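Residue numbers for the sequence shown follow my numbering, beginning at 454 and rising by one.
Even glycine gets a Cβ: it sits at the ideal position worked out from N, Cα and C.
From a predicted model like this one, the values you see are computed outputs, not experimental measurements.
Presented below is the structure to which this report refers.
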Amino acid sequence: MAKRHKKHKHEDHVDESWLVPYADILTLLLALFIVLFASSTVDQKKLNEMSTVFNSIFMGGESVMEYPSPVEPMETDTTIKKQENSQAAYNMDQKELQEIQANVDNFIAVNELEGSLETTMTDEGLLGTIRDGVLFAPASATIAADNRQLANELSELLVFDPARNVVITGHTDNVPINSPAFESNWELSVMRAVNFLKLLIDSNPALDPLHFSAKGYGEYHPIADNGTAEGRSKNRRVEVLVQQRVLEDGTQIEVESDTTPPATN
Numbered sequence: 454m455a456k457r458h459k460k461h462k463h464e465d466h467v468d469e470s471w472l473v474p475y476a477d478i479l480t481l482l483l484a485l486f487i488v489l490f491a492s493s494t495v496d497q498k499k500l501n502e503m504s505t506v507f508n509s510i511f512m513g514g515e516s517v518m519e520y521p522s523p524v525e526p527m528e529t530d531t532t533i534k535k536q537e538n539s540q541a542a543y544n545m546d547q548k549e550l551q552e553i554q555a556n557v558d559n560f561i562a563v564n565e566l567e568g569s570l571e572t573t574m575t576d577e578g579l580l581g582t583i584r585d586g587v588l589f590a591p592a593s594a595t596i597a598a599d600n601r602q603l604a605n606e607l608s609e610l611l612v613f614d615p616a617r618n619v620v621i622t623g624h625t626d627n628v629p630i631n632s633p634a635f636e637s638n639w640e641l642s643v644m645r646a647v648n649f650l651k652l653l654i655d656s657n658p659a660l661d662p663l664h665f666s667a668k669g670y671g672e673y674h675p676i677a678d679n680g681t682a683e684g685r686s687k688n689r690r691v692e693v694l695v696q697q698r699v700l701e702d703g704t705q706i707e708v709e710s711d712t713t714p715p716a717t718n
């Protein structure tokens, strides 16, 4: 009698072939959303980069996740506009300083003062340099009477609208001072700057003292070799710095204004 074979119950095998097209659809959707987002925020160069990436993905079978995003964070329109305005303000300020320099250079040429005065554009503004011999006797901080006319005429060139900060700085050579009036070159340089500043202000009522300041460096900021007579002559000087109103990064330099209320009886 033949044995009866038990029928083994086979488990049903689930067909998972649908996962492949499903994954492809998800990838395409993800790519679509990235393209839509990127198209609204990137320029043509970034869009071309993105196109290259997706061509590599779909033609080469690589995953989109293997590529870093070609979209870089972009500045907002507000930030870009602010930067443009700052640059425009800086350029305008530099143009005004150049016009001031042209006026001073013309004054120097007309008065044949090329060997005594000069102007230079610096990172801080327009710098005018006056040799001390034009204003002062050796070891003295007193401006001679016949030199006062120069200060009077220069004061006319320092009237600005709107106002600018002006810094007067005194410098000396490294020869020790030998005068009962000054204990060091520091005192001499400071008093020369202060006296020149006072003469400028007194010469022209249109100049506001709020915008002027004075300081002295003594012998410690030389521009030439103190080992020669010519070098020491160049180091003995008074500098007038007409400061810029706007820095290159767009920062506005504060210019003081008189906010003191009027006195009442």
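According to DSSP, residue pairing for LEU580 in a beta bridge involves THR573, LEU694. Assignment of THR622 by DSSP, reduced to helix, strand and coil, places it in the strand class. Looking at the DSSP output, VAL699 shares a beta bridge with GLN705. Contact check for ASN638 against GLY671 passes: the beta carbons are separated by less than 8 angstroms. Counting C-beta pairs with one atom in each stretch, the segment 592-600 and the segment 699-707 have fewer than three that are closer than 8 angstroms, which means they do not touch. By the neighbour-count criterion, in which a residue is buried when 16 or more other Cβ atoms sit within 10 angstroms of its Cβ, GLU567 is exposed. Three or more pairs of CB atoms, one per stretch, sit closer than 8 angstroms, so the segment 687-696 contacts the segment 615-625. Contact between the segment 625-636 and the segment 665-681 is present: three or more C-beta pairs spanning the two stretches fall below 8 angstroms. A direct Cα-Cα distance of roughly 14 angstroms separates ARG645 from GLU636. The three-state secondary structure of SER637, taken from DSSP, is coil. Rounded to whole angstroms, the Cβ separation of ARG690 and ASP585 is 6 angstroms, and the two are in contact under 8 angstroms. CA-to-CA, the gap between VAL647 and ASN556 works out to about 24 angstroms.
Across the structure, LEU607 and ASN544 are spaced so that their CA atoms are roughly 26 angstroms apart. Put simply, the backbone Cα of ILE583 is about 47 angstroms away from that of ASP530. Residue environment analysis places LEU479 among the exposed positions, since fewer than 16 neighbouring C-beta atoms fall within 10 angstroms of its C-beta. ALA677 carries a coil assignment under DSSP once its states are collapsed to helix, strand and coil. With fewer than 16 other beta carbons inside 10 angstroms of its own, ASP678 counts as exposed.
For GLY669, the uninterrupted beta strand (DSSP E) segment begins and ends at 665-669. Bounds of the alpha helix (DSSP H) holding ALA555 are 530-563. Distance check between VAL699 and each of ILE487, ALA541, LYS534 places ALA541 closest, using alpha-carbon atoms only. Contact annotation: LEU650 and PHE665 have beta-carbon atoms nearer than 8 angstroms. Contact between ALA592 and ASN631 holds: their C-beta atoms lie close to 7 angstroms from each other, under 8 angstroms. Taking C-beta separations shorter than 7 angstroms and ignoring five residues to either side along the sequence, the partners of SER656 in its chain run ALA604, ASN605, SER608, following chain order. If you draw a straight line from the Cα of GLN554 to the Cα of THR572, it comes to about 7 angstroms.
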